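Q: Questions regarding the structure given below will be posed in turn.
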Amino acid sequence: MTKSARDTIQRYFDAFNAGDTDAMLACLADDLAHHVNEGQVRIGKAKFADFCAHMTRCYKEELTDMVIFEAEAGTRGAAEFIVNGTYLATDDGLPEAHGQTYRLPAGSFFSLDDGRITRVVTYYNLADWVAQVSK
1 MTKSARDTIQ
11 RYFDAFNAGD
21 TDAMLACLAD
31 DLAHHVNEGQ
41 VRIGKAKFAD
51 FCAHMTRCYK
61 EELTDMVIFE
71 AEAGTRGAAE
81 FIVNGTYLAT
91 DDGLPEAHGQ
101 TYRLPAGSFF
111 SLDDGRITRV
121 VTYYNLADWV
131 AQVSK
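Be aware that the sequence shown starts at 1, since it is given in the UniProt record's numbering, and climbs by one per residue.
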């Protein structure tokens, strides 16, 4: 039996909040298209795992106030949430990190096939984040 898009998206975000990249990867199709906010599209689980390793080095984040939406056919979904984070290590081209905290509204959009995420697109206001960590 195929799990609902809502269940898969919830498992993905639960794994994110637990810092469990392997559990996140288990929710993804092998040919995942990962659309990064203001970045390049990355194709495949290996590139997604590399992205997660980079993010774990630079940021400590927890997502709260999660609302998940599912399209009727179960092949599309979305989520709205708040990113509560700490900037741990300076990321290339961004302000210097020194443990600044931030709180940022964000959203993700998903395509799914056979219970696996085939596309994830995440959006947030980068200018808002830069302003928060530049204080």
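Every residue, glycine too, gets a C-beta built ideally from N, C-alpha and C. As the structure is a computational prediction, the values presented were derived from the model and not from experiment.
Counting pairs of Cβ atoms below 8 Å between the stretch 94 to 102 and the stretch 111 to 119, do you hit three or more?
A: Not touching, per the Cβ criterion.
Q: Assuming Thr-56 is part of the alpha helix (DSSP H), what are its boundary residues?
A: Taken as a continuous stretch (DSSP letters only), the alpha helix (DSSP H) holding Thr-56 covers 45 to 58.
Q: State yes or no: is the C-beta of Leu-32 within less than 9 Å of the C-beta of Ile-43?
A: In contact: Leu-32 and Ile-43 (Cβ atoms closer than 9 Å).
Q: What does the Cβ neighbour count give for Thr-8, buried or exposed, with the cut at 16 atoms within 10 Å?
A: With 16 or more Cβ atoms within 10 Å of its Cβ, Thr-8 is classed as buried.
Q: Hey, is Ile-117's beta-carbon within less than 9 Å of any beta-carbon in chain D?
A: As a matter of chain content, chain D is missing from the structure shown, which is built from one protein chain.
Q: In terms of residues, what are the limits of the alpha helix (DSSP H) holding Asn-17?
A: From DSSP, the alpha helix (DSSP H) with Asn-17 extends over 5 to 18.
Q: Taking only three categories from DSSP, how would you classify Leu-88?
A: The answer is coil: DSSP assigns Leu-88 none of H, G, I, E or B.
Q: How far does the beta strand (DSSP E) with Asp-22 in it reach, from first residue to last?
A: Per DSSP, Asp-22 belongs to no beta strand (DSSP E); it is in the alpha helix (DSSP H), 21 to 26.
Q: Going by C-alpha to C-alpha distance, which of His-98, Asn-84 and Thr-21 sits closest to Thr-90?
A: Nearest C-alpha to Thr-90: His-98.
Q: With which residues is Ser-134 paired in a DSSP beta bridge?
A: DSSP output for Ser-134 lists no bridge partner at all.
Q: In the structure shown, what three-state DSSP assignment does residue 204 receive?
A: No statement about residue 204 is possible, as the shown extent of the chain runs from 1 to 135 and does not include it.
Q: Could you have a look at Ala-71 and say whether DSSP puts it in helix, strand or coil?
A: Of the three classes helix, strand and coil, the one that applies to Ala-71 here is coil, per DSSP.
Q: CB-CB under 6 Å to Lys-47, same chain, minus the five flanking residues each way: which ones, in chain order?
A: There are no such residues.
Q: According to DSSP, simplified to helix, strand and coil, what is Asp-128?
A: Reduced to three states, the DSSP call for Asp-128 is helix.
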